[in-house]
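In what follows, a structure is listed as structure tokens, so that the remarks can point back to it.
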Amino acid sequence: MTSLKTRRHFPASDSALSYNRIRTTKTVLHMFMLGNLLSPSGALGATENMIEKTIPVPVISARELLVMLDAKESVILFDTRTEEEYEKSHIEEAVHVEPNTPTEAFIERYADTIRNTKLVFYCSVGQRSSEFLNRVQQKCLDAGAIACYNLRGGIFRWYNEGHPVVDSRGATDDIHGYNPLWGMMVEKRRK
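Numbering (UniProt numbering), first residue to last: 1 to 191.
Okay, structure coming up:
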């Protein structure tokens, strides 16, 4: 019989992704507890590294994405944040998809659209989009997608590198911070 002291307890969902999300969040929290030792870019970089270690999906940098978009490659951007976050701002032409959308519902909705196309998923920092991509990647490839990527650092990295974001009225400098802790990773732009 296993004693309670030696048994490993996982979150109620008992999924590795939930466990990794908790572990990643705790790590980020500890980084911020270090005070001013890390800049917003440093904290975001550390977060990106943790996400890539815990959820191994293909990644693309903001610069690589920009090259693909400038070359007019066939790319669809999927914003996997909440509707509120998306409406605050998003990358131009991104398609909003709720982060908890079931795999089959996503494929049913986009199967014809994703054929012969590269797919790039993003959220605030890459956590939710990595989890989403991890769930849908094989089905997307089976439906004919050329490749699937997670945008490294999400919209925060995109924005911090000076790339544009839009809302329903056009270009904006507003970014939804997800929560106060994660929002500290967004660098303020000079006016």
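For each residue, glycine too, the CB sits at the ideal point set by N, CA and C.
Bear in mind that the values here come from a model prediction, so they are computed numbers and not experimental data.
Is residue j closer than 9 angstroms to residue i when the C-beta atoms are compared?
i      : j      : result
His163 : Ser124 : no
Val67  : Asn150 : no
Phe121 : Thr101 : no
Glu108 : His96  : no
Asp167 : Glu87  : yes
Val186 : Glu92  : no
Check the C-beta distance from residue i over to residue j and give it rounded, since I have them as a contact under 8 angstroms.
i      : j      : result
Ala145 : Leu119 : 5 angstroms
Ile114 : Ile76  : 6 angstroms
Arg128 : Leu44  : Rounded, the Cβ-Cβ distance is 15 angstroms, inconsistent with contact.
Glu161 : Ala62  : 5 angstroms
Expressed to the nearest angstrom, what Euclidean distance is found between the alpha-carbon atoms of residue i and residue j?
i      : j      : result
Tyr110 : Thr103 : 11 angstroms
Lys72  : Thr54  : 32 angstroms
Arg81  : Tyr159 : 15 angstroms
His90  : Arg135 : 22 angstroms
Asn179 : Cys140 : 30 angstroms
Ala171 : Phe78  : 18 angstroms
Phe106 : Ser130 : 15 angstroms
Arg189 : Pro99  : 28 angstroms
Val59  : Asp112 : 23 angstroms
Gly42  : Ser74  : 32 angstroms
Glu64  : Asn116 : 19 angstroms
Arg169 : Asp70  : 23 angstroms
Spatial neighbours of residue i within its chain, please: CB distance less than 7 angstroms, with the 5 preceding and 5 following residues excluded, ordered by chain position.
i      : result
Gly126 : Glu48, Ile51, Asn150, Leu151, Arg152, Gly153, Gly154
Trp182 : Ser124, Val125
Who are the near neighbours of residue i in its chain, counting only those whose CB is closer than 6 angstroms to its CB and skipping five residues on each side?
i      : result
Ala147 : Lys118
Gln137 : Cys148
Ala94  : Leu77, Asp79
Glu85  : His176
Run through the stretch 73 to 142 for me and flag every whole alpha helix (DSSP H) of 4 or more residues, listed as ranges in chain order.
-> Runs of the alpha helix (DSSP H) inside the stretch 73 to 142: 83 to 88, 103 to 114, 127 to 142.
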